[in-house]
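Protein chains: 2
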Amino acid sequence: MARSSEATRHNILSCAIDHAAKVGLSGLTIGGLAEATHLSKSGLFAHFGSKEALQVSVIEAASERFVEEVVRPALKAPRGEPRVVQLFERWLSWALQQSAGCILTAASFELDDQPGPAREALVKSERDWLDTLAQAARIAQREGHFRADLDPEDFAFDLHGLMLSTHTAARLVRDPSAYDRAKRSFSRLLAASRIPPTP
Amino acid sequence: MARSSEATRHNILSCAIDHAAKVGLSGLTIGGLAEATHLSKSGLFAHFGSKEALQVSVIEAASERFVEEVVRPALKAPRGEPRVVQLFERWLSWALQQSAGCILTAASFELDDQPGPAREALVKSERDWLDTLAQAARIAQREGHFRADLDPEDFAFDLHGLMLSTHTAARLVRDPSAYDRAKRSFSRLLAASRIPPTP
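Protein chains in written order, with the numbering used here: chain A, 1 to 199; chain B, 1001 to 1199.
As C-alpha cells, this is what we get:
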C-alpha cells in the first residue's frame, strides 16, 4: 500500500513538473493540476495538502531529477578537470531538453522576491548546485589541473552565468549559435582556470 | 487632452511595472492591476484593451526605463573600454535596485516558452541589449582596446551571463559577496578581452 501510494505520488509529481513548465511555478495550483491531469482535486489535496506544499514537492522532485541525470553520472568521471567537463556537458544536454531544468531556472527568477517555503526549497537547490560546481573546481585544484589562486566560488559563479546565458540565448532569443557559444565560453573558462604551461 | 492622457498612461505603466515586479509578468491582469492601483477596471480596459496589450506595454515601458537609466548615460562615456565599463557599472547599480530590471529578467525565463506578443516584445528588448553590448565590444576593438580576434557576440554572451549570475546570487541566494564577485568576474572578462601587452 505504502509503495503504491509512493508510486502514485511520483507519477503525479512528474505530471506536475510538466505542468509547471507551462504555467510557471507561481501558476501551479492544485485546481489547475487537477484539470490538467484529470485527477480529482480532493485526491491531490490528500497528497499535498496545499498549493505551497505542492510547489515545494515539485521543486524537490525537479531537483532530484536534476541530480539523477546531471550530477550523479558526472561524479563518476575522474576527479579534476574531466569531472568539471562532465558536469558542464551533462548540464548542457539537460538544458537543451524541454524538461524540468527550465522549471528550476525560471523559478529562480520568478520567486526571488517571494518569501516562503517554495523560495526556501529553491535556494537550497541552487546552493547545492553552486556548491557542486565549486567543489569540482576545488578538486581540480588539488589534482593539479586548476590554478591554486583560483577562487572556486568565483568559478562556480562564472560557470553558472554561462549556463544562464545559454538558457536565454537558446530558449528566449533562439540564437542558432547558442550551443556553440556555450561550448566556446566554457573552453575559455577552462583555459583561464588551468595552470598556465611553464614557458 | 492628448498630453494629459499620455501622462495618465505613463503613471499607470509605472504602477504596472511595480505590480508586475511582485506578481510576475504572467500574473499581470487588468483586474489585478485595477485592484492594486484602485483604478477602475473599465478605465484600464480603455487604455490597454487586453491583458496581452497591457503586458506588451509594461515590457516596452520597462525597456525604455532601462535604456534611459543604463544605456543612454553609458553611451556618453568615451568610445572603447570606458564605455563597456560604464555599461557594466550602470547595469550593476540598476540590478541592485528593486526595480524594473527584475521584471525583464524574470520575464525572460517566465515567457521563453509562451508564444505571443509579450514574448516578442521581450525578445526585441533582449536582442537590443545583447546588440548594445556586442557593439560596445566592437568599438573597443576599433579603438585598439580589445583584441581583434575577440568575437563581439561571444563577449556579449559572457557579459550577459555574468549579469544573470549576479542577479541569482544577489536576489535568490542572497550571497553577501554577489557584488564583489560580479566586479571580479567583470575584471577577468576585461583582462581576457584586452590586447595582451607585448612582452
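Using N, Cα and C, we set each Cβ at its ideal position, and we do this for glycine too.
DSSP places B/Asp-1154 inside the alpha helix (DSSP H), whose first and last residues are 1152 to 1167. Rounded to whole angstroms, the gap between the alpha carbons of A/Ile-12 and A/Ser-63 is 16 Å. Judged by beta-carbon spacing, B/Leu-1025 lies within the 8 Å limit of B/Ala-1118, meaning their Cβ atoms are closer than that value.
As the crow flies, the alpha-carbon of A/Ser-14 is around 21 Å from that of A/Pro-73. Closest by C-alpha distance to A/Ser-108, out of A/Ser-125, A/Ser-93, A/Pro-152, is A/Ser-125. Two segments are said to touch when three or more pairs of C-beta atoms, one from each, lie closer than 8 Å; by this definition the stretch 77 to 87 of chain A touches the stretch 128 to 143 of chain A. Within its own chain, no residue has a Cβ closer than 7 Å to the Cβ of A/Ser-165 once the five positions on either side in sequence are excluded. Using beta-carbon distances, B/Thr-1168 counts as an interface residue toward chain A, with a partner under 8 Å. Shown here, B/Arg-1174 sits in coil according to DSSP, grouped into three states, outside any helix or strand. At a cut-off of 8 Å between C-beta atoms, B/Gly-1031 does not count as an interface residue with respect to chain A.
Annotation for A/Ala-121: the continuous alpha helix (DSSP H) segment containing it runs 117 to 142. B/Arg-1194 sits in a strand when the DSSP states are folded into three classes. C-alpha of B/His-1038 to C-alpha of B/His-1047: approximately 15 Å in a straight line. Of the residues assessed, B/Ser-1040 falls on the exposed side of the cut-off, its CB having fewer than 16 other CB atoms within 10 angstroms. About 6 Å separates the beta carbons of A/Ala-121 and A/Glu-60, which is inside the 8 Å limit, making them a contact pair. Close to chain A, meaning a Cβ-Cβ distance shorter than 9 Å, are the following residues of the stretch 1093 to 1120 of chain B: Gln-1098, Cys-1102, Thr-1105, Ala-1106, Ala-1107, Ser-1108, Phe-1109, Glu-1110, Leu-1111, Asp-1112, Asp-1113, Gln-1114, Arg-1119. Of all residues in the stretch 1071 to 1088 of chain B, none is placed with a Cβ closer than 9 Å to any Cβ belonging to chain A. Along the stretch 1137 to 1158 of chain B, going in chain order, the ones with a CB nearer than 7 Å to a CB of chain A are Asp-1154, Phe-1157, Asp-1158. Rounded to whole angstroms, the gap between the alpha carbons of B/Asp-1149 and A/His-160 is 25 Å. Counting every other CB atom within 10 Å of its CB across the protein chains shown gives A/Gln-97 a total below 16, marking it as exposed. If only complete runs of 4 or more residues are kept, the stretch 1045 to 1103 of chain B shows the alpha helix (DSSP H) at 1051 to 1066, 1081 to 1096, in order along the chain. The beta carbon of A/Ala-192 sits closer than 8 Å to some beta carbon of chain B.
Contact annotation for A/Val-123 against chain B: Leu-1172, Val-1173 [CB-CB distance below 7 Å, chain order]. Judged by beta-carbon spacing, B/Asp-1154 lies within the 8 Å limit of A/Ser-185, meaning their Cβ atoms are closer than that value.
Using beta-carbon distances, A/His-19 does not count as an interface residue toward chain B, since no partner is under 8 Å. From the listed residues A/Val-123, A/Ala-178, A/Val-58, A/Arg-194, the smallest Cα separation to B/Ala-1169 is found for A/Val-123.
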